[in-house]
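Scroll down for the structure; my scribbles are underneath it.
Chains as they are written, first to last, in my numbering: chain L, 10 to 237; chain Y, 8 to 261.
What follows is the structure, encoded as structure tokens:
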């Protein structure tokens with residue numbers, strides 16, 4: 010039971026940091042992608058959606074090769090930080106960020122595209138600078154987008170399995186996450202503990218999706234009211 | 008020309024009829040096999056089929072635990088080669104397998120694999136401070152054996168244990184350069200063509216025997232014929248050359 014709590018902690022930590030980093034890095038990129046008409050931006054959008062259609066094993070495989078000190082990325086990382094990314098929490102975090110990228114980016118790009126352009130022009134003509142416009146207009150108007158993007162990212166990271174299995178190494182408190190512990194319980198016929206984790210994940214995911222559904226619904230109602 | 012075409016057609020038809028006739032007589036079996044023995048079993052089946060072309064086999068491989076769960080839930084396998092002794096015995100006790108058909112077919116050996124080793128083994132065991140990849144001891148008998156071997160104090164410094172789901176993943180962690188050393192199976196190293204000087208074979212009594220048992224799950228002619236072949240001296244030699252001990256080779260150590 011105690012080891013399950015440690016595993017739960019690792020999973021929550023992973024999901025939290027993945028969501029946080031994607032929010033910080035993904036938001037400006039999503040903003041740019043939503044507005045830009047350039048060919049480069051047009052190429053970036055499908056690239057960012059790639060993890061959605063690729064099996065996690067493809068990403069896991071490439072990450073395993075990239076992390077290896079035999080290759081440039083892994084060797085450089087080892088040089089700078091003195092430890093390898095494979096079998097470490099940081100490595101999992103990097104994998105999760107890549108894997109959950111579309112789950113954050115797609116809702117954010119859609120949310121940003123729906124913002125009325127005229128409003129920003131009006132605000133600018135009234136003397137609001139870029140930061141003012143972002144904090145007083147963009148953030149409140151796209152909060153539903155943020156809510157959806159963050160909950161999806163968080164929940165998706167909690168359910169991640171394939172990548173972790175390939176680059177994790179199953180270290181307690183470091184890379185053993187819920188889905189891996191569940192896999193181990195099923196394989197060792199410990200169905201009781203497996204049920205506990207599985208039912209927990211089902212319950213959590215259901216609640217999350219219900220929240221997202223509720224938020225989306227409210228978001229649409231709010232926006233349809235405002236256009237009236 | 009026309010006569011030739013006719014002759015060709017006739018012979019084609021004849022051969023189709025003949026082969027479909029043979030096909031109908033073909034005896035088939037579906038075999039569930041633990042991942043570590045899959046390639047070895049494939050080789051054995053090819054050798055068997057050379058003398059008995061009427062038998063055909065379909066292999067399903069995976070972890071012993073997964074295959075066991077599938078069999079318990081009604082998977083249509085005729086024969087089960089497990090990586091341990093417990094699962095086949097459990098199936099026999101539960102009445103899922105045919106009573107009296109559990110037997111040892113191979114005894115696994117573990118090996119320590121260190122590619123690009125620069126020191127003699129003694130120095131390596133004394134000085135190694137890096138990672139060591141093993142199979143998950145909760146899932147894989149080879150991982151459990153590795154843990155027992157480590158408890159004998161083989162390494163002076165406790166290595167950082169990286170767990171793969173099975174010996175193949177432990178091997179792959181080292182093969183991709185992400186870990187420096189692995190405890191894997193001798194069979195895996197032989198299959199991968201590892202250089203002999205890169206691996207170390209611990210004494211058999213330094214870890215609990217990895218007894219791999221098989222059990223019949225149905226009445227199937229092909230499966231039974233294969234088991235008779237596996238008992239032959241020729242098949243036993245093939246199993247031994249693949250990196251396993253057999254029950255007979257353990258009784259009379261060479």
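Where is the CB? At the ideal position from N, CA and C, for every residue including glycine. Here the structure is a predicted model, which is why all the values come from computation and not from measurement.
For this session: Run down chain Y in chain order and give the residues with a C-beta less than 7 angstroms from the C-beta of residue 9/L.
Result: In this structure chain L extends from 10 to 237, so residue 9/L is not present and cannot be described.
Problem set entry | Sequence-distant residues of the same chain with beta carbon closer than 7 angstroms to residue 135/Y, five excluded per side | Excluding positions up to five away in sequence, the list reads 162, 164, 166 and 188.
Exercise. Which residues of chain Y have a Cβ atom closer than 8 angstroms to the Cβ of residue 16/L, listed in chain order?
Worked result: Here the premise fails: no neighbours, minimum Cβ distance about 13 angstroms.
Problem set entry | Neighbourhood of residue 34/L by C-beta distance below 7 angstroms, restricted to the same chain and skipping five residues each side | Nothing listed; no residue qualifies.
Problem set entry | Sub-8 angstroms separation of residue 193/Y and residue 105/Y beta-carbons | With a cutoff of 8 angstroms on beta-carbon distance, residue 193/Y and residue 105/Y are scored as not near each other.
Exercise. For residue 193/L, which residues in chain C fall below 8 angstroms Cβ to Cβ?
Worked result: The structure shown has no chain C; the protein chains it does contain are L and Y.
For this session: Output yes if chain L places a C-beta closer than 8 angstroms to the C-beta of residue 68/Y; else output no.
Result: No, residue 68/Y lies away from the interface with chain L (no Cβ there is under 8 angstroms from its Cβ).
For this session: With DSSP collapsed to three states, give me the class of residue 218/L.
Result: Helix at residue 218/L.
Exercise. What do you reckon, are the CB atoms on residue 177/L and residue 113/L nearer than 8 angstroms?
Worked result: Cβ distance not < 8 angstroms, so residue 177/L and residue 113/L don't count as in contact.
Problem set entry | Neighbour-count burial assignment, residue 200/L, 16 or more Cβ in a 10 Å radius | Exposed, since its Cβ has fewer than 16 Cβ neighbours within 10 Å.
Exercise. For residue 114/Y, which beta-bridge partners are listed by DSSP?
Worked result: Residue 114/Y is bridged by DSSP to 218/Y and 252/Y.
For this session: May I ask which residues mark the beginning and end of the alpha helix (DSSP H) holding residue 40/Y?
Result: Unbroken run through residue 40/Y is the beta strand (DSSP E), 34–41; no alpha helix (DSSP H).
Exercise. By how many angstroms is the C-alpha of residue 164/L removed from the C-alpha of residue 36/Y?
Worked result: Those two C-alpha atoms are separated by around 43 angstroms.
Exercise. In chain order, which continuous runs of the alpha helix (DSSP H) of length 4 or greater are located wholly inside the stretch 149–224 of chain Y?
Worked result: Taking only runs of at least 4 residues, the alpha helix (DSSP H) segments lying wholly in the stretch 149–224 of chain Y are 174–182 and 193–199.
Exercise. Straight-line CA distance for residue 169/Y to residue 179/L?
Worked result: One C-alpha to the other measures close to 7 angstroms.
Exercise. Can the beta-carbon of residue 84/Y be found closer than 8 angstroms to that of residue 109/Y?
Worked result: Taking 8 angstroms as the Cβ cut-off, residue 84/Y and residue 109/Y do not qualify as a contacting pair.
Problem set entry | CB of residue 13/L within 8 angstroms of CB of residue 145/Y, strictly | Contact flag unset, no.
For this session: Count the CB pairs spanning the stretch 13–23 of chain L and the stretch 180–191 of chain L that are closer than 8 angstroms, and state whether there are at least three.
Result: The stretch 13–23 of chain L, when compared against the stretch 180–191 of chain L, does touch it at the 8 angstroms Cβ threshold.
Exercise. Do we get a CB-CB distance below 8 angstroms when we pair residue 134/L with the residues of chain Y?
Worked result: Taking Cβ atoms only, chain Y never reaches closer than 8 angstroms to residue 134/L, which makes this a no.
Exercise. In terms of residue numbering, what span does the beta strand (DSSP E) encompassing residue 64/Y cover?
Worked result: Where residue 64/Y is concerned, the enclosing beta strand (DSSP E) starts and stops at 62–69.
Problem set entry | Proximity to residue 140/Y [Cα-Cα], best of 191/L, 175/L and 151/L | It is 175/L.
Exercise. At what residues does the alpha helix (DSSP H) containing residue 192/L begin and finish?
Worked result: Residue 192/L -> alpha helix (DSSP H) spans 187–196.
For this session: Name the one or two DSSP bridge partners that residue 88/Y has.
Result: Paired residues: 40/Y and 221/Y.
Exercise. Would DSSP call residue 138/Y helix, strand or coil?
Worked result: Note: residue 138/Y maps to strand in three-state DSSP.
Exercise. Counting along the chain, where does the alpha helix (DSSP H) carrying residue 10/L start and finish?
Worked result: Segment: none, residue 10/L is in no alpha helix (DSSP H) and carries neither H nor E.
Problem set entry | Cutoff 8 angstroms: residue 219/Y Cβ touching any chain L Cβ | Under the Cβ criterion of 8 angstroms, residue 219/Y is not counted among the residues facing chain L.
Exercise. Since residue 73/Y meets chain L, which of its residues come closer than 7 angstroms, beta carbon to beta carbon?
Worked result: Contact note: residue 73/Y reaches chain L through 196, using a C-beta cutoff of 7 angstroms and chain order.
For this session: Report yes if the CB atom of residue 124/L is closer than 8 angstroms to the CB atom of residue 221/L, and no otherwise.
Result: Contact annotation: residue 124/L and residue 221/L have beta-carbon atoms that are not nearer than 8 angstroms.
Exercise. Roughly how far, in whole angstroms, is the beta-carbon of residue 74/Y from the beta-carbon of residue 38/Y, given that I think they are within contact range, below 8 angstroms?
Worked result: The pair is not a contact, with the Cβ atoms about 10 angstroms apart (cut-off 8 angstroms).
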